[in-house]
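All remarks here apply to the structure that follows.
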Amino acid sequence: MSISRRALLATSATLAMPAIARADTTTVEFYFPVAVGGPVTKVIDGFAADFMKENPDVTLKPVYAGNYTDTLTKAVTATKAGQGPQLAVLLSTDAFSLIDDELIVPFDNTADDKAWLAGFYLAFMANGQINGRTWGVPFQRSTIVMYYNKDAFKEAGLDPERAPATWAEHADYASTLTKREGDRVTRWGVQIPATGFTYWLLQAMVSEAGGAMMTDNGTKVTFTDPAVVDALQYWVDLNKVHKAHAPGIVDWGVTPRDFLEGKAAMIWHTTGNLTNIRTNAKFPFGVGMLPAGKRRGSPTGGGNFYAFKGMTPAQQAASGRFLKWVTAPERAAAWGVATGYVATSPAAWQTQTMKDYVAGFPAAAVARDQLQYAVPEFSTHDNQRVVTLLDDELQAALLGTKTVKAALEDAQAGATRILRPFQKS
Amino acid sequence: MRRESLWAWALILPALVMLMAFTHWPAVATLWDSLYSTPRGSRPPVFVGGANFRDLLDDPVFLTVLINNAWYAAVTIPASVALSLLMALSVNTALPGRSLVRMAYFTPTILPMIAVANIWLFFFTPDYGLFDQILSVFGGGRHNWLGQMSTALPAMMAVAVWKEAGFFMIFYLAALQSMPPDLAEVGRLEGSSRWSFFWRVTWPLLMPTTLFVMVNAVINAFRLIDHVVVMTRGGPNNATNLLLYHIYETGFRFWDTAAAATMTVVLLVVLAVIAGLQFGLLGRRAHYR
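Residue numbers (my numbering), protein chains in the order written: chain V, 8 to 432; chain W, 2 to 290.
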């Protein structure tokens, strides 16, 4: 509390300072989104104030720009109009599109940079490494975990200290946990949201089935791969066969609420919701790794820092300094504790801040332990368009208007059409 | 004479400049952009003629949103106009607490669409949303209103009708209030029934208002998409995707500006044709005093 108050005071002091006092400084503007609950803006303003105190020659201007999509839209529009920010936090999966539009520059320019970038978890670096260069610096990163209601587990006669470990067990648990009153279901065994990030949840199951949905260079998709078919079939069957998942499409935002209201015993959701659920759950809850099919698996998610073209050398130097500062273990740990995002480097987990946090709240470490099984988030050229198309087809399959096979075949055909221009180069 | 016309031009110049800069020029520029390809990175746009329009026909989502929007317009326009007329007639009588009812009818109009959408988002929430809670009293189960293909678009229509009817009611109410009371007296003396009086006198006299309301309703059916953004983002599987939202997504999420411009041209043409029809058909039946 005292830290943030100090940060706030520092911010207001900076604002009160006459502009002339900072006339000889380098200005670095960065756009950031807020995608999870918690005092994100306050923490970032605090970081900026602290950084400027240590680096009086730099003026840092953090600009809150909405959700991820809004922030991308604003950053791209402003950059195309020649008034873009120097840095922006955008989805790690936007890298291909930003490179294709020639809007960003890579980070690994010197040996010093490369040493710094080697300090992050490899799973978080993968999405930003394209054509042999590094275009994204991990910042607010997440992954999918399972939250479960321990009271519901006890009531159903299951061990509340252990999450289901395999697909079969997971489906069994889900059936056991589903509670009915006559024809009405008062609690569903499991809920996997299918709006907003449908492809992301599917990708978790695809990696568990031992497959992949795209090639590393982002020019081809493999939606008709047997592992993808198995994954979607498993998801559909949770409702159709096991009767343990609500029919139709379950909303991304409603899912944590359903969990908190006791309407769903297990949910699959982002670690970004950890702090929210911890604050609002009126029952003991557990966090588990996602169940294994052929193997364990979960995609990474969340946002990276990107550097935009058109920086002066002074701005480039100042941006580099800021990024190294803000991703330093101590700051990465503080950021993770405040938001629920996964701290991005092994060193951050070795700090006292993080050790204390994990000691008091062991669930926080589940996401870290799951990282060894993590795969990079689905990302291709023209990513937003491919993802939208895939999401639509997945929803059709989940709604039962298309068979699993037909939906995936249509998605494959559509995505191939979108990606054709990128396969030549 | 010449001096006078110069003076007149000078007077309308400010309005003309604004209209040109913010309405006509963008429309022309859109038409121009629809004939070029999307610039990508350092590749500049090239002239492609009608290729963008041909591509639209191959886009299954575009056809879906056209059909969705046609249904959306076909239901929300008559429904909101009929409801607004009904509300206006009901509060035009000497009813106790009349101003309170009028205010209640008008409240949805004052609320911003974003707020309306969030309220309805709660109404539609499965299990503990308002509708499911009411239905559960009568033994109804869980309804995933926004997550089911069959109910998602009707749900969005309900929001639009709820939001718009109050606004249109104000125009009908104003028209009813300005209607001379001696007409009603004559009607009573002549012994005409309330229904035939409405049908033969009130309704024809309301024609100019109806025309105005209809034009607005049509524009809104294609223009108001805030609730789509907040509630469903066009899902599930494009069930609630409307033309303007698809244009926004194509332009500002996919950055396919040429396709977005092409669809905007289609939207402009659709609106122009409907407006032309309305003024042509309804306009002839509207009597202005």
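Even for Gly, the Cβ is constructed at its ideal location relative to N, Cα and C.
Classify residue i as helix, strand or coil using the three-state DSSP reduction.
| i | result |
| --- | --- |
| W:M180 | coil |
| V:K250 | coil |
| W:L147 | helix |
| V:A26 | At V:A26 the pLDDT is 43, less than 50, meaning the model places this residue with poor confidence and gives no usable figure here. |
| V:G217 | coil |
| V:F385 | coil |
| W:R286 | helix |
| W:L278 | helix |
| W:P127 | coil |
| V:Y155 | strand |
| W:R224 | helix |
| V:S149 | strand |
| V:G196 | strand |
| W:S85 | helix |
| V:K68 | strand |
| W:V270 | helix |
| V:N311 | strand |
| W:Y305 | Outside the displayed range of chain W (2 to 290) lies residue 305 of chain W, so it cannot be described from this structure. |
| V:I51 | helix |
| V:V257 | coil |
| V:A288 | coil |
| V:L165 | coil |
Please report whether the beta-carbon of residue i lies at a distance below 8 Å from any beta-carbon of chain V.
| i | result |
| --- | --- |
| W:N69 | no |
| W:T203 | no |
| W:F132 | no |
| W:D128 | yes |
| W:W26 | no |
Which residues in chain V sit within 9 Å of residue i, going by Cβ to Cβ distance?
| i | result |
| --- | --- |
| W:Q1 | Outside the displayed range of chain W (2 to 290) lies residue 1 of chain W, so it cannot be described from this structure. |
| W:R254 | T76, L79, T80, Q391, R392, T395 |
Give me the DSSP bridge partner(s) of residue i.
| i | result |
| --- | --- |
| V:E188 | V:R191 |
| V:S305 | V:A381 |
| V:H177 | The partner list for V:H177 (beta bridge, DSSP) is empty, contrary to what the question assumes. |
| W:F48 | W:Y37 |
| V:T277 | V:I151 |
| V:Q136 | V:T141 |
| V:T34 | V:T66 |
| V:V349 | V:R148 |
| V:F39 | V:Y71 |
Less than 8 Å between CB atoms is the rule here; does residue i satisfy it with respect to chain W?
| i | result |
| --- | --- |
| V:Q391 | yes |
| V:A28 | Note on V:A28: pLDDT 45, under 50, position unreliable in the model; no value is reported. |
| V:T76 | yes |
| V:A402 | For the record, residue 402 of chain V in the displayed sequence is Gln; it is not Ala. Chain W contact via Cβ: present. |
| V:E384 | no |
| V:P25 | A caution first: V:P25 carries a pLDDT of 44, below 50, which makes its placement in the model too unreliable to give a value. |
| V:R191 | yes |
| V:D101 | no |
| V:E109 | yes |
| V:T18 | Its pLDDT being 48, under 50, V:T18 is placed unreliably in this model, and the value from its coordinates should be taken loosely. V:T18 does not count as touching chain W. |
| V:V1 | Look at the range of chain V in this structure, 8 to 432, and you will see that residue 1 of chain V is not part of it. |
| V:V83 | yes |
Excluding the 5 residues preceding and the 5 following residue i in the sequence, name in chain order all residues of the same chain whose CB lies nearer than 6 Å to its CB.
| i | result |
| --- | --- |
| W:I226 | L243, L245, Y246 |
| W:M21 | none |
| W:S35 | N53, A262, T263, V266 |
| W:F255 | none |
| W:V76 | M158 |
Could you name the residues of chain W that residue i contacts, counting a contact when the two beta carbons are closer than 7 Å?
| i | result |
| --- | --- |
| V:K270 | D128 |
| V:V261 | T126 |
List, in order along the chain, the chain V residues whose C-beta lies closer than 8 Å to that of residue i?
| i | result |
| --- | --- |
| W:G236 | T202, I256, D398, D399, Q402 |
| W:R41 | D107, D108 |
| W:N239 | D399 |
| W:R143 | R191, V192, A253 |
Counting only the same chain and skipping the five closest in sequence on each side, list residues whose C-beta sits under 7 Å from that of residue i.
| i | result |
| --- | --- |
| W:I115 | D227, V231 |
| V:D433 | For chain V, the structure presents residues 8 to 432; residue 433 of chain V sits outside this window and is missing. |
By Cβ distance, which residues of its chain are closer than 8 Å to residue i, with the 5 residues on each side in sequence left out?
| i | result |
| --- | --- |
| W:F223 | N70, A74, L243, L244, L245, L268, V271, L272 |
| V:I27 | Low local confidence applies: a pLDDT of 44 at V:I27 is under 50, so the model's placement there is unreliable, with the coordinate-based value given in what follows. The answer is none, since no qualifying residue turns up. |
| W:T108 | G167 |
| V:S104 | H388, D389, N390, Q391 |
| W:F198 | A185, G188 |
| W:I248 | A261, M264, T265, L268 |
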